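Line by line, the protein sequences are chains A and B. First residue of the first sequence: 10, per our numbering; consecutive thereafter. First residue of the second sequence: 3, per our numbering; consecutive thereafter.
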Amino acid sequence: MIEYYQVFATILLFVVVLGLIKVFNGKEKIVQLLALQLLGTSTVAIILLLAQKLQLEGLRDLALIMGLLACIIAIAFVHYVNFNSENTLKK
Amino acid sequence: MIINTLGWILITVGLVFFISGTIALIRFPDIYSRLHALTKADNLGLGFVIFGLALHSDSILVSIKLLLIWFLIMLASASISHLISLNALKNKMNLDEES
Numbered sequence: 010m011i012e013y014y015q016v017f018a019t020i021l022l023f024v025v026v027l028g029l030i031k032v033f034n035g036k037e038k039i040v041q042l043l044a045l046q047l048l049g050t051s052t053v054a055i056i057l058l059l060a061q062k063l064q065l066e067g068l069r070d071l072a073l074i075m076g077l078l079a080c081i082i083a084i085a086f087v088h089y090v091n092f093n094s095e096n097t098l099k100k
Numbered sequence: 003m004i005i006n007t008l009g010w011i012l013i014t015v016g017l018v019f020f021i022s023g024t025i026a027l028i029r030f031p032d033i034y035s036r037l038h039a040l041t042k043a044d045n046l047g048l049g050f051v052i053f054g055l056a057l058h059s060d061s062i063l064v065s066i067k068l069l070l071i072w073f074l075i076m077l078a079s080a081s082i083s084h085l086i087s088l089n090a091l092k093n094k095m096n097l098d099e100e101s
């Protein structure tokens, strides 16, 4: 019997790896931020699939926290990092 | 049985949306079209996966919790896309800027 939840989670993990390559290779910082957002969303999907497979209720709370933290990363980046210049903070 | 199969179909459709969103993020030329790919295709994929999992779950409370997680992530993603596009517009990023 094939474990279909784990197969789907593995495919999503490949999506995460593709986004991670974009994070490391992206020329602009804002593109790297967008790839990080993609990573947050697909991580939530992976954790929910594994929560269904393992029947662990706590993993769903973990997915909720992951979604919130991805949102906070983007807010902090937009507030503090000037995307046009290289490695300088706005403040 | 039918509900189980429908759940698997929904999860598969969600995976297709995730993969297309990632390819769009890699292939699209500028920041605004990338935002469009990220915030629409990705959240739709997550929504399909969550609907499939809600059909698979045992109790109705777990299904409601999954739908609430999707709602929160959609809310956060929509506000973040507005923030990022406002920042890009303020910093005068061009439409055809090649990364």
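Glycine included, every Cβ here is placed at the ideal spot set by N, Cα and C. Bear in mind that the values here come from a model prediction, so they are computed numbers and not experimental data.
Distance, residue j Cα to residue i Cα
| i | j | result |
| --- | --- | --- |
| Ala79 (chain A) | Ala44 (chain A) | 11 Å |
| Leu22 (chain A) | Thr52 (chain A) | 8 Å |
| Phe53 (chain B) | Val18 (chain B) | 15 Å |
| Ser81 (chain B) | His58 (chain B) | 30 Å |
| Glu95 (chain A) | Arg69 (chain A) | Note that Glu95 (chain A) scores a pLDDT of 49, beneath 50, so its modelled location is shaky and nothing firm can be said. |
| Val15 (chain B) | Phe30 (chain B) | 22 Å |
| Leu8 (chain B) | Phe17 (chain A) | 15 Å |
| Gly23 (chain B) | Ser61 (chain B) | 31 Å |
| Ser101 (chain B) | Asp32 (chain B) | Bear in mind that the predicted position of Ser101 (chain B) carries a pLDDT of just 46, short of 50, making it unreliable; the figure below should be weighed with that in mind. Cα-Cα distance, rounded: 7 Å. |
| Met76 (chain B) | Leu68 (chain B) | 12 Å |
Element boundaries [alpha helix (DSSP H), containing residue i]
| i | result |
| --- | --- |
| Val40 (chain A) | 38-63 |
| Asn34 (chain A) | 13-34 |
| Asp70 (chain A) | 67-89 |
| Leu40 (chain B) | Premise fails: Leu40 (chain B) is in no alpha helix (DSSP H) and is neither H nor E. |
Neighbour flag for residue i against chain B, beta carbons, 8 Å
| i | result |
| --- | --- |
| Gln15 (chain A) | no |
| Val32 (chain A) | no |
Residue-chain proximity (residue i, chain A), Cβ-Cβ < 8 Å
| i | result |
| --- | --- |
| Ile21 (chain B) | yes |
| Ser59 (chain B) | yes |
| Arg29 (chain B) | no |
| Thr7 (chain B) | no |
| Lys67 (chain B) | yes |
Secondary structure of residue i, DSSP reduced to three states
| i | result |
| --- | --- |
| Asn93 (chain B) | coil |
| Ser59 (chain B) | coil |
| Met3 (chain B) | coil |
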